[in-house]
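Engineer: Quick note on numbering that gives the first Met the number 0: the sequence shown kicks off at 0 and runs consecutively.
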Amino acid sequence: MEKNKVTRTKLREQAFCLLFEYSFNKEDTDPAELYDNAVQLYGYADDNYLKTVFFGVIAELEYLDGVISKYAVGWKIERISRVSLSIMRLCLYECKYIEDVPSAAAMNEAVELAKKYDTDQAPAFINGILNSAVKGEGLMK
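(1) Three or more beta-carbon pairs under 8 Å between the region 34 to 45 and the region 115 to 122, yes or no?
(2) In or out: K2 buried (at least 16 other Cβ within 10 Å) or exposed?
(3) Tell me which same chain residues have a C-beta within less than 6 Å of the C-beta of E93, skipping the five on either side of it?
(4) Apart from the five residues on each side of it in sequence, which residues of its chain come closer than 6 Å, Cβ to Cβ, to I57?
(5) Based on Cα-Cα distance, which residue from V82, L89, S102 lies nearest to Q120?
(6) So the alpha helix (DSSP H) T6 belongs to, where does it begin and stop?
(7) Which one of V5, E98, K134 has the shortest CA to CA distance from Y205?
(8) Enumerate in chain order the residues of its own chain whose CB-to-CB distance from E59 is below 7 Å, with the five nearest sequence positions on each side excluded.
(9) Could you tell me the distance, in whole angstroms, from the CA atom of M139 to the CA atom of F124?
(10) Could you check how far apart the C-beta atoms of L89 and I67 are, in whole angstroms? I think they sit under 8 Å.
(11) Is the beta carbon of I86 less than 8 Å from the beta carbon of A109?
(12) Check this for me: beta carbons of G55 and Y96, under 8 Å apart or not?
(13) Once you ignore the five residues that flank D64 on each side, which residues in its own chain have a CB closer than 6 Å to its CB?
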């Protein structure tokens, strides 16, 4: 592996951070400007995977939130933390649209992001919703 190569895990974390930031100002934020600023300001990798998942999640927000709402039994989507929501959106997008990412790997990475960025209860909460959603929507690959 190249010394300076950015791993898929790191790119996924960068995508999560961008999606989290976007969740605060969806109506007032140009996603392309947010992306370009992150590449410049934070040194994010200007990578095809990162672009694909960031812009893809934004394009599919309605679908992704619909799936989350369907499987987050007893939870209104507005009550789910932005951290958890951003993580689940990213994972479900990968499961549905990114061919070379196995669903189990995407779910495992989602739980790891939750452990790092969310509350102690979030990993189990996210894991439960994602397991049900991936199986229920036929996204297991």
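Glycine residues also receive a C-beta, built at the ideal position from the N, C-alpha and C atoms.
Structural biologist: According to the structure data:
(1) no
(2) Residue placement at K2 is poorly supported in this model, since its pLDDT is 49, which falls under 50; the coordinates are not used for a value here.
(3) Result list for E93: V100, A105, in chain order.
(4) P30
(5) V82
(6) Counting along the chain, T6 falls outside any alpha helix (DSSP H), and DSSP gives it neither H nor E.
(7) The chain is shown from 0 up to 140; residue 205 falls before or after that span and cannot be answered.
(8) Cβ neighbours of E59 beyond the five flanking positions: Y92.
(9) 19 Å
(10) About 11 Å separates the two Cβ atoms, so there is no contact after all.
(11) Between I86 and A109, the C-beta gap is smaller than 8 Å, which places the two residues in contact.
(12) yes
(13) I76
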